[in-house]
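Here is the structure we will look at, set down as structure tokens.
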Amino acid sequence: MHVKLVLGVAVSLVVGGSLGARAEDGWSGVIVAGGGTLPDYEGSSDYKFIPFGYLNLNYGPFSGEVMGPRVKLGYTIGDHITVGGIVAYRGERDAIPGIGAVTIGDTVELGGFAAVHFAPGAFKDDKLAFSTAVMTDVGGVHDGTTVTPAVSYTFFMGRAVRLSFDASATVADENYMSAYFDAAGFAASGGLKDVALGTTATVMFSPNWGISGRAAWTRLVGDAADSPVSEADNQFFGGVGLTYRF
């Protein structure tokens, strides 16, 4: 299963975005429980439902996220820069009959991220963020690396509704592309793999409790789109979660 922006950055935005958050008076955090639908694998035309859980903790300049099979730790420098590390589990992809695409085993990926975030207008709670994440296989399965630059804008409508819009692109090296997109008679090369757009709405119906919805679209491009592995170049995600803030 490939989570990428759809459940990576996406779920962070679902809960309102912890990027650069500071808990000046002690601990703060968010817990989310919900579910969503996403493709069976990158390029699949079949979808599946998955439950997901999310935990975010902040203390001063330190932040931590547990998001399904991914853990992210961050440190905010000053008011505008956050850097940190990521460790993620990537599940197995079964062989695809008829096209010569082999089984890709499960593995662990390590990486890091850096982000710049600031309030661009008159409202201090608005947030414009530019970030880049780099992930590399350390389990010896695909031995590949991906780089994902992203931009997001988050703002409030009234005191209870928060909206976010985001865009990203993913560049994958030849090792990654070969593992996940090679098929009989087709050899994938490294390069731009996909572009993505998403939006998130969070409605708080009390100071602590709320509900969030997320919709995202990913478009496979280049060899990822040309590969016989890709049954559908347009990939969609939709999800909803119950949110608790503390």
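Numbering of the sequence shown is given in the working numbering, commencing with residue 452 and proceeding in unit increments. By construction, the Cβ of each residue, glycine as well, lies at the ideal position given by its N, Cα and C atoms. A quick note: this is a predicted structure, and the numbers were derived from the prediction, not measured.
Status (buried if at least 16 other CB within 10 Å, exposed otherwise) for residue i
i, result
"residue 685", "exposed"
"residue 543", "exposed"
"residue 450", "The chain is shown from 452 up to 697; residue 450 falls before or after that span and cannot be answered."
"residue 581", "exposed"
"residue 640", "exposed"
"residue 621", "buried"
"residue 568", "buried"
Cβ pair residue i, residue j closer than 8 Å
i, j, result
"residue 674", "residue 632", "yes"
"residue 647", "residue 660", "no"
"residue 564", "residue 587", "no"
"residue 604", "residue 615", "yes"
Reduced DSSP secondary structure (H/G/I, E/B, other) of residue i
i, result
"residue 674", "helix"
"residue 683", "coil"
"residue 615", "strand"
"residue 560", "strand"
"residue 635", "coil"
"residue 630", "helix"
Cross-strand partners of residue i (DSSP beta bridge)
i, result
"residue 516", "507 and 523"
"residue 488", "500 and 689"
"residue 596", "587"
"residue 695", "482 and 660"
"residue 610", "Paired residues: none, contrary to the question."
The beta strand (DSSP E) enclosing residue i, as first and last residue numbers
i, result
"residue 552", "Note, residue 552: premise wrong, no beta strand (DSSP E); not H, not E."
"residue 544", "First-last for residue 544: undefined, no H or E at that position."
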